[in-house]
Ligand SMILES: NC(=O)c1ccc[n+]([C@@H]2O[C@H](COP(=O)([O-])OP(=O)(O)OC[C@H]3O[C@@H](n4cnc5c(N)ncnc54)[C@H](OP(=O)(O)O)[C@@H]3O)[C@@H](O)[C@H]2O)c1
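Numbering (this note's numbering), first residue to last: 109 to 371.
Structure (structure tokens):
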């Protein structure tokens, strides 16, 4: 287990679900933690819990899809913490809807929150990260690699974040900067978004795992050179089977989804 004593960890969307579990896990390992989200009530509850473990922890009410002042916000959190050592871009929204039923507005909203917003945070903080070193952990999704049915914009937003992360790691590596970029691909975890309105029903037979199971794998990336992980790890084998023959993989997805619909 990585000891995070003295580390300052900023988790976006740390008020529920995976972000909440990771924020508490980081505090338990000794980190000072900052979290942000839109709902003040949830944030206050979590901040009280965090401060029992890590008294200097902080929370911020912010809408990360509102790009006005986002860079200023990121630099403000960095100043308050005395320097972010670990940025965990976790805030995001699902969207289960077929391409035929997606509107342009929905596509833009999902891309803004899941892709453009973390890019803005990373860009704002990058000069400081390059000066002193840092870990950036981008919470993507297995959807980014597997393009599941009725998840086109969700998959695309996460795939964009993953591609950005890959290229960012290459650019930083070529320049020998001490900033480690990581990608986490969660499978199916038991969180609020499965009950959100404005989404098609969740029909996958994959059992939802408790968020406690993803905390260790995420936090163990800190200070580690590993780029990408899948949780659970068996998704890595599924992805490995996709790339040699994407045509066959997508045909398999269609027949699987048809089977689900007629079951
Ligand atoms: N759960 C899964 O099975 C799963 C699978 C693959 C990937 N993921 C990814 O894991 C991440 C966390 O998901 P989760 O399942 O834990 O979801 P969640 O419980 O809904 O958590 C999302 C967090 O982000 C915050 N948030 C949402 N919109 C925001 C906005 N516009 N501005 C600021 N904060 C915002 C939410 O708080 P507020 O609503 O109060 O703002 C909440 O704290 C997401 O990026 C998701 O795509 C999850």
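C-beta: ideal position from N, C-alpha, C; glycine also.
Being a predicted model, the structure only gives us computed values, none of them experimental.
Best match in the options for proximity to residue i [C-alpha to C-alpha]
{"i": "residue 263", "options": "287, 215, 234", "result": "215"}
{"i": "residue 299", "options": "202, 156, 186", "result": "202"}
{"i": "residue 119", "options": "240, 301, 224, 327", "result": "327"}
{"i": "residue 112", "options": "348, 332, 366", "result": "332"}
{"i": "residue 242", "options": "149, 290, 352", "result": "290"}
{"i": "residue 170", "options": "272, 225, 245", "result": "225"}
{"i": "residue 366", "options": "348, 340, 312, 343", "result": "312"}
{"i": "residue 252", "options": "198, 287, 294", "result": "294"}
{"i": "residue 318", "options": "310, 340, 307", "result": "340"}
{"i": "residue 133", "options": "335, 254, 320", "result": "320"}
{"i": "residue 297", "options": "278, 323, 277", "result": "323"}
{"i": "residue 141", "options": "127, 147, 110", "result": "127"}
{"i": "residue 139", "options": "172, 190, 183", "result": "190"}
{"i": "residue 199", "options": "306, 279, 130, 136", "result": "130"}
{"i": "residue 232", "options": "122, 177, 280", "result": "177"}
{"i": "residue 123", "options": "114, 150, 110, 255", "result": "150"}
{"i": "residue 114", "options": "164, 356, 223, 182", "result": "164"}
{"i": "residue 195", "options": "342, 117, 292, 355", "result": "117"}
{"i": "residue 254", "options": "281, 246, 265", "result": "265"}
{"i": "residue 168", "options": "336, 206, 146, 135", "result": "146"}
Buried versus exposed call for residue i [16 or more other C-beta atoms within 10 Å across all chains shown]
{"i": "residue 180", "result": "exposed"}
{"i": "residue 358", "result": "exposed"}
{"i": "residue 230", "result": "buried"}
{"i": "residue 316", "result": "exposed"}
{"i": "residue 284", "result": "exposed"}
{"i": "residue 363", "result": "exposed"}
{"i": "residue 209", "result": "exposed"}
{"i": "residue 259", "result": "buried"}
{"i": "residue 348", "result": "exposed"}
{"i": "residue 261", "result": "buried"}
{"i": "residue 250", "result": "buried"}
{"i": "residue 369", "result": "exposed"}
{"i": "residue 213", "result": "exposed"}
{"i": "residue 355", "result": "exposed"}
{"i": "residue 160", "result": "exposed"}
Identity of the residues DSSP links to residue i by a beta bridge
{"i": "residue 243", "result": "194, 288"}
{"i": "residue 117", "result": "141, 194"}
{"i": "residue 336", "result": "291"}
DSSP-derived helix/strand/coil call for residue i
{"i": "residue 315", "result": "coil"}
{"i": "residue 293", "result": "strand"}
{"i": "residue 258", "result": "coil"}
{"i": "residue 341", "result": "coil"}
{"i": "residue 169", "result": "strand"}
{"i": "residue 205", "result": "strand"}
{"i": "residue 307", "result": "coil"}
{"i": "residue 361", "result": "helix"}
{"i": "residue 123", "result": "coil"}
{"i": "residue 237", "result": "helix"}
{"i": "residue 111", "result": "coil"}
{"i": "residue 330", "result": "coil"}
{"i": "residue 174", "result": "coil"}
{"i": "residue 355", "result": "helix"}
{"i": "residue 283", "result": "coil"}
{"i": "residue 184", "result": "helix"}
{"i": "residue 228", "result": "helix"}
{"i": "residue 163", "result": "coil"}
{"i": "residue 323", "result": "helix"}
Any non-hydrogen atom of ligand 3 within 7 Å of residue i CB
{"i": "residue 194", "result": "Absence of ligand 3 from the depicted structure is noted, with ligand 1 being the only ligands included."}
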